[in-house]
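Heads up: the structure comes next, in structure tokens.
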Amino acid sequence: MTERPSFQKEVSNLMSVLDGNPIDVCIQCGTCSGSCPAVEYMDYSPRHIIALIRSDLKDEVLNSDTIWCCSSCYNCTVRCPKEIKITEMMYALKRYSIWKHQYREGAIGPAFSRKFVRMVVKTGKSYEPGLAPTFMFRYGMRGMIDNMQLGMSLFNKKRIAILPKTVKRIKNFRRVLNRIIPIGVEK
Amino acid sequence: MRYVYFPGCSLETVAKSYDVSARLTAEKLGVELTELEDWNCCGATAYFHIDEILAHTLCARNLAMAEKTGLDVVAPCSACYKNMGETNAHLKQDAELRDHINIALKEDGLEFSGQQRVLHLVDVFTEDVGIENIRKNVVNSLKGLHVAPYYGCQILRPKMGRENIENPEFLEDLISATGAEAVDYPLKTECCGGSLIMTKNPVALKMIKNLLACAADKGADLIVTTCPLCQVNLECYQKQVNRKYGTEFSLPVLYITQVLGFALGIPKDDLLIGSELSSPAGLLTRFSREAV
Chain A
169 MTERPSFQKE VSNLMSVLDG NPIDVCIQCG TCSGSCPAVE YMDYSPRHII
219 ALIRSDLKDE VLNSDTIWCC SSCYNCTVRC PKEIKITEMM YALKRYSIWK
269 HQYREGAIGP AFSRKFVRMV VKTGKSYEPG LAPTFMFRYG MRGMIDNMQL
319 GMSLFNKKRI AILPKTVKRI KNFRRVLNRI IPIGVEK
Chain B
6 MRYVYFPGCS LETVAKSYDV SARLTAEKLG VELTELEDWN CCGATAYFHI
56 DEILAHTLCA RNLAMAEKTG LDVVAPCSAC YKNMGETNAH LKQDAELRDH
106 INIALKEDGL EFSGQQRVLH LVDVFTEDVG IENIRKNVVN SLKGLHVAPY
156 YGCQILRPKM GRENIENPEF LEDLISATGA EAVDYPLKTE CCGGSLIMTK
206 NPVALKMIKN LLACAADKGA DLIVTTCPLC QVNLECYQKQ VNRKYGTEFS
256 LPVLYITQVL GFALGIPKDD LLIGSELSSP AGLLTRFSRE AV
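In structure tokens form, the structure reads like this:
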């Protein structure tokens with residue numbers, strides 16, 4: 169029997185197409201956590217997430233809110249004294265979590281990202297109103313009213329398009345993406 | 006000065022005023038922007054949550070099309086700029102990844118070879134046009150106006166070859182060139198929350214509140230941004246921030262190109278100043294030499 173790689177190894181290998189960007193060099197200094205604008209909302213700080221990965225505590229990491237609180241601001245990445253690309257690590261964990269369908273119940277991030285990608289694969293462009301259903305009804309009645317009011321105000325200022333746009337060579341565009349992911353893209 | 010211009014999806018809709026003001030201001034400064042033919046979405050951040058190679062492929066298609074023009078690519082949106090810049094760097098360095106993506110691009114008759122640079126529109130103004138040139142062309146001096154430069158994240162980070170990413174000053178230089186005073190406030194490079202406004206609303210609202218409070222506290226009359234998502238977050242969510250935190254923010258948020266264009270004498274209506282939810286038009290009128 170072959171042995172399963174540790175969670176740390178899996179994450180390291182998922183990190184970046186260019187290089188593995190290993191996290192075993194982390195010195196747990198906490199510069200990432202101190203630089204993170206969302207840390208107060210996270211159940212584990214970025215430093216803590218690395219410690220959990222190294223302890224092979226996969227469920228704690230995937231079920232945590234932390235990875236979905238990352239806004240990709242890259243403060244941690246540019247300040248890490250060991251040059252760990254922590255934002256890339258968060259991307260890798262998001263991918264892992266979406267692939268495994270394992271994330272905290274109620275997280276909006278996974279549905280939002282999936283919807284966004286489906287939209288771009290279909291038309292080649294993003295379209296803000298198309299994303300609304302993934303979050304619109306998730307912040308209670310007040311949130312829904314707020315979002316609808318904002319949508320109307322923007323519409324009145326001609327800042328929302330009624331219909332999505334599509335790239336002109338859409339067939340070629342889809343064929344390009346089909347080459348990268350050989351199934352799953354509509355012709 | 007000629008460039009191939011990649012507007013990005015937001016500039017066709019919610020940030021139309023950025024697109025219009027970018028083109029007019031560039032023209033005024035002798036910069037020729039030709040829109041990239043048949044461009045597609047840069048992938049934003051969401052694509053990296055699903056598949057990294059697919060995300061790079063999206064940018065590679067745009068870069069390969071841009072390459073045909075022989076010109077450097079200019080993006081006004083910080084996220085598009087960051088994504089295209091990263092893909093450009095990765096594909097130049099990694100031959101295997103480049104080959105992989107080039108096989109796919111062949112389906113659209115394209116090939117990436119990595120011949121051009123990716124620039125943010127602001128770089129064109131600060132480096133290629135030059136601050137002095139801009140200063141010389143100002144007709145509506147904004148003397149007395151306090152403008153807070155808001156950098157946000159992805160125009161600076163991850164490090165895209167800029168020297169000073171902790172305390173950059175290029176937006177201050179542009180603001181000063183218009184005669185306005187650049188407001189010094191410590192959160193100028195902090196995050197606006199990005200797409201968390203949709204996926205983690207309370208987190209983003211707090212970030213927005215902190216930024217607005219910091220800029221207002223230091224006396225800002227308005228904030229300028231270089232990114233559509235920053236503009237939307239800082240401008241359109243002030244009402245929600247006010248209700249949640251009991252604040253009374255009413256701070257106009259404009260694109261840097263609108264403020265520059267106005268100072269260069271372009272009428273404010275042409276720059277779509279007034280398409281904001283709370284219009285700064287009145288604020289600017291007193292600086293105009295001619296009736297605007």
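Residue numbers (this note's numbering), protein chains in the order written: chain A, 169 to 355; chain B, 6 to 297. All C-beta atoms, glycine included, are put in the ideal place defined by N, C-alpha and C.
Closer than 7 angstroms by C-beta to B/L333: which residues in its own chain qualify, once you throw out the five before and the five after it? Chain order, please.
Nothing can be reported for residue 333 of chain B, as the shown portion of chain B is limited to 6 through 297.
On the DSSP bridge assignment, give the partners of B/E186 in chain order.
One-based indexing of the second sequence puts residue 186 of chain B at position 181. Beta-bridge pairing links B/E186 to B/H151.
Closer than 8 angstroms, CB to CB, is A/C237 near chain B or not?
The residue labelled residue 237 of chain A in the question sits at position 69 within the first sequence. Yes, its Cβ sits closer than 8 angstroms to a Cβ of chain B.
What is the rounded straight-line gap between the Cα of B/E302 and the Cα of B/I261?
No information on residue 302 of chain B is available, as it lies outside the stretch 6 to 297 that chain B covers here.
Could you work out which residues of chain A lie near B/C241, taking near to mean beta carbons separated by less than 8 angstroms?
Taking the first residue of the second sequence as 1, we reach residue 241 of chain B at position 236. By Cβ distance, chain A contributes L318, S321, L322.
Please state the DSSP three-state secondary structure of B/T92.
Position 87 of the second sequence, counted from the start, is the residue given in the question as residue 92 of chain B. B/T92: helix per DSSP, three-state reduction.
Check whether the Cβ atoms of B/V246 and B/I202 sit closer than 8 angstroms, and answer yes or no.
To locate residue 246 of chain B, count along the second sequence from 1; it is residue 241. To locate residue 202 of chain B, count along the second sequence from 1; it is residue 197. Cβ atoms of B/V246 and B/I202: not closer than 8 angstroms.
Does any C-beta atom of chain A lie closer than 8 angstroms to the C-beta of B/T230?
As a first step, residue 230 of chain B is located in the second sequence; it is residue number 225 there, counting from the start. No, because no Cβ of chain A sits closer than 8 angstroms to the Cβ of B/T230.
Mind checking if B/K2 is an interface residue toward chain A, Cβ cutoff 8 angstroms exclusive?
Residue 2 of chain B falls outside the range modelled here, since chain B spans only 6 to 297, and no answer is possible.
List, in chain order, every chain A residue whose beta-carbon is nearer than 7 angstroms to that of B/S118.
In the second sequence, the residue the question calls residue 118 of chain B occupies position 113. Within 7 angstroms Cβ-Cβ: nothing; B/S118 doesn't reach chain A, min ~17 angstroms.
For B/R140 and B/V36, I'd like the C-alpha separation in whole angstroms.
Counting from one through the second sequence, the residue named residue 140 of chain B turns up at place 135. Counting from one through the second sequence, the residue named residue 36 of chain B turns up at place 31. Cα-Cα distance, rounded: 16 angstroms.
Taking Cβ positions only, does A/R215 come closer than 8 angstroms to chain D?
Here chain D cannot be found, since the structure's protein chains are A and B.
Check each residue of the segment 66-99 of chain B: if its Cβ is closer than 7 angstroms to any Cβ of chain A, include it; give the result in chain order.
Per Cβ criterion, the list reads R66, H95, Q98, D99.
Among all the DSSP beta bridges, which residues are the ones paired with B/I228?
Your numbering for residue 228 of chain B matches position 223 in the second sequence. BP columns for B/I228 point to B/A153, B/V258.
Please confirm if B/C219 has its CB atom under 8 angstroms from at least one CB of chain A.
In the second sequence, the residue the question calls residue 219 of chain B occupies position 214. No, B/C219 does not count as interfacial toward chain A.
In chain A, what lies closer than 7 angstroms to B/E132 by C-beta?
Taking the second sequence and counting its residues from 1, one reaches residue 132 of chain B at position 127. Here the premise fails: no neighbours, minimum Cβ distance about 21 angstroms.
Take the Cβ of A/T170 as the centre, count every other Cβ of all protein chains shown within 10 Å, and call the residue buried at 16 or more, exposed below.
In the first sequence, residue 170 of chain A corresponds to position 2, counting from 1. A/T170 comes out exposed.
Is the distance from the Cβ of A/C244 to the Cβ of A/T255 below 8 angstroms?
Locating residue 244 of chain A in the first sequence gives position 76, where the first residue counts as 1. Locating residue 255 of chain A in the first sequence gives position 87, where the first residue counts as 1. Yes, they are a contact pair.
Might you give, ordered along the chain, the residues of its own chain that have their beta carbon closer than 8 angstroms to the beta carbon of B/K97, omitting 5 neighbours on each side?
For the purposes of this step, residue 97 of chain B is taken as residue 92 along the second sequence, with counting starting at 1. Correct list, in chain order: R103, G119.
Please list the residues of the segment 261-281 of chain A that have a C-beta atom closer than 7 angstroms to any C-beta atom in chain B, keeping them in chain order.
Answer in chain order: K262, R263, I266, I276, G277, F280, S281.
Residues in its own chain within less than 6 angstroms of B/V134 by CB, not counting five upstream and five downstream?
Position 129 of the second sequence, counted from the start, is the residue given in the question as residue 134 of chain B. So the list reads L34, once near-sequence residues are dropped.
When you compare each of A/L322, A/P249, A/K268 to B/S280 by their alpha carbons, which one comes out closest?
Here residue 280 of chain B refers to the residue found at position 275 of the second sequence. Among A/L322, A/P249, A/K268, the Cα nearest to that of B/S280 is on A/L322.
Are there 16 or more other CB atoms within 10 angstroms of the CB of A/D192, so buried, or fewer, so exposed?
As a first step, residue 192 of chain A must be located in the first sequence, where it is residue number 24. The residue in question, A/D192, is exposed, as its Cβ has fewer than 16 Cβ neighbours within 10 Å.
Could you work out which residue in B/L150, B/T204, B/A221, B/P81 is closest to B/L192 when comparing CA atoms only?
Locating residue 192 of chain B in the second sequence gives position 187, counting from the first residue. Here the closest residue by C-alpha is B/A221.
Does A/L331 come within less than 8 angstroms of chain B when only Cβ atoms are used?
The count along the first sequence starts at 1 and reaches residue 331 of chain A at position 163. Not one chain B Cβ lies under 8 angstroms of A/L331.
Which two residues bound the contiguous alpha helix (DSSP H) that contains A/V288?
Taking the first residue of the first sequence as position 1, residue 288 of chain A is located at position 120. Residues 277-291.
Do you know whose CA, among A/G198, A/V207, A/I252, A/C248, lies nearest A/I235's CA?
If you number the first sequence from 1, residue 235 of chain A lands on position 67. It is A/V207.
Using DSSP with H/G/I as helix, E/B as strand and the rest coil, what is A/T245?
Locating residue 245 of chain A in the first sequence gives position 77, where the first residue counts as 1. In the structure shown, A/T245 sits in a helix (DSSP, three-state: H, G or I).
DSSP three-state label for A/L220, please.
Numbered from its first residue, the first sequence carries residue 220 of chain A at position 52. A/L220: helix per DSSP, three-state reduction.
Take A/E296 as the anchor and find which of B/E186, B/L16, B/L68, B/T231 has the nearest alpha-carbon.
In the first sequence, residue 296 of chain A corresponds to position 128, counting from 1. Ranking the options by Cα distance to A/E296, first place goes to B/L16.
Can you find a CB in chain B that lies within less than 8 angstroms of the CB of A/T234?
Here residue 234 of chain A refers to the residue found at position 66 of the first sequence. Cβ-Cβ to chain B under 8 angstroms: no for A/T234.
Output needed for B/A296: all residues of its chain with C-beta closer than 8 angstroms, excluding positions within five of it in sequence on either side, in chain order.
For the purposes of this step, residue 296 of chain B is identified with residue 291 of the second sequence, where counting begins at 1. Legend: pLDDT at B/A296 = 41, less than 50; position of this residue unreliable, value from coordinates given subsequently. Nothing listed; no residue qualifies.
From the DSSP output, read off the bridge partner residues of B/T39.
Here residue 39 of chain B corresponds to residue number 34 of the second sequence, with the count starting at 1. Note: B/T39 sits in a beta bridge opposite B/V9.
Determine the chain B residues that contact A/D314 at a beta-carbon separation under 7 angstroms, and present them in chain order.
Translated into the one-based positions of the first sequence, residue 314 of chain A becomes position 146. Simply Q245.
Output yes or no for whether 8 angstroms exceeds the beta carbon distance between B/L217 and B/Q236.
Residue mapping note: residue 217 of chain B aligns to position 212 of the second sequence, counting from 1. Residue mapping note: residue 236 of chain B aligns to position 231 of the second sequence, counting from 1. No, these two residues do not count as a Cβ contact at 8 angstroms.
Where does the unbroken beta strand (DSSP E) through B/L192 begin, and where does it stop?
Mapped onto the second sequence, residue 192 of chain B falls at position 187. Here B/L192 belongs to no beta strand (DSSP E), and DSSP marks it neither H nor E.
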